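Taking it in order: structure first as structure tokens, then the write-up.
Numbering (the numbering used here), first residue to last: 13 to 211.
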């Protein structure tokens, strides 16, 4: 894809080594663009994003909207998109996710169209014994071009499942990815029977 000057957006589930593949590609000369959430601590944001930009590239704050990210991809930067955070129910689809369901934002379908980009699933796996990082890459999700939002959301979750099932310890479950529930349901993080107090 690089040889053909194709536009690319990587679909990258949240893993503990999530930033490393983008930095490796940037260190090899590939222009990269990603989005980040402000952490509420400007010093932390500055230090962490300085590390992320060590080899160049662009970091776009999510509260600046999606347009700067789209512009970067259109300009030839490879996008780095993390698809699995909970963004609430308003623009999300409730689709299967492992043994439950998840409010999933099907934005990658629109991004691939407006950016004229191919979406490539990617997942970093760190081996604590050998101290080596393996970067898993799956085929481009070209089937999403004509899919509806429900199908797109489910396909996104399917790719996450394929990566995470053999490597559950690599996934950042602490992000409360299942917070948004259907009307009448209690979010799992508030269910006392799931988190009994230790005696």
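We put the CB at the ideal spot given by N, CA and C, even for glycine.
Given the structure is predicted, the values throughout are model-derived calculations rather than measurements.
Cutoff 8 Å; reference residue i; Cβ partners in own chain excluding five residues on either side
{"i": "residue 155", "result": "167"}
{"i": "residue 36", "result": "147"}
Own chain partners of residue i with C-beta closer than 7 Å, once the 5 adjacent residues on each side are dropped
{"i": "residue 152", "result": "130, 131 and 132"}
{"i": "residue 75", "result": "50"}
{"i": "residue 44", "result": "34, 37, 38, 69, 89, 90 and 92"}
Beta carbon of residue i nearer than 8 Å to that of residue j
{"i": "residue 38", "j": "residue 71", "result": "no"}
{"i": "residue 104", "j": "residue 192", "result": "yes"}
{"i": "residue 148", "j": "residue 24", "result": "no"}
{"i": "residue 120", "j": "residue 80", "result": "no"}
{"i": "residue 141", "j": "residue 189", "result": "no"}
{"i": "residue 195", "j": "residue 165", "result": "no"}
{"i": "residue 107", "j": "residue 116", "result": "yes"}
{"i": "residue 48", "j": "residue 73", "result": "yes"}
{"i": "residue 85", "j": "residue 21", "result": "yes"}
{"i": "residue 42", "j": "residue 14", "result": "yes"}
Nonlocal neighbours in the same chain, by C-beta distance under 6 Å from residue i, ignoring five residues either side
{"i": "residue 1", "result": "This structure cannot speak to residue 1, because the chain is shown only from 13 to 211."}
{"i": "residue 146", "result": "137"}
{"i": "residue 109", "result": "169"}
{"i": "residue 199", "result": "191 and 193"}
Anticipated Cβ contact below 8 Å, residue i with residue j, distance rounded
{"i": "residue 150", "j": "residue 173", "result": "That belief does not hold up - the Cβ atoms of residue 150 and residue 173 are roughly 12 Å apart, past 8 Å."}
{"i": "residue 128", "j": "residue 19", "result": "6 Å"}
The stretch 87-100 touching the stretch 58-68, judged by at least three CB pairs closer than 8 Å | The stretch 87-100 is not in contact with the stretch 58-68.
Starting from the N-terminal side, write out each stretch of the alpha helix (DSSP H) that is 4 residues or longer and does not extend beyond the stretch 29-80.
-> Counting whole runs of 4 or more residues, the stretch 29-80 contains the alpha helix (DSSP H) stretches 32-39 and 54-64.
Contained alpha helix (DSSP H) runs [length at least 4] in the stretch 102-139, N- to C-terminal order = Those alpha helix (DSSP H) runs which fall completely within the stretch 102-139 and span 4+ residues are 119-126.
At what residue ranges does the stretch 148-211 contain a whole run of the beta strand (DSSP E), taking only runs of 3 or more?
-> Segments of the beta strand (DSSP E) lying fully in the stretch 148-211: there are none.
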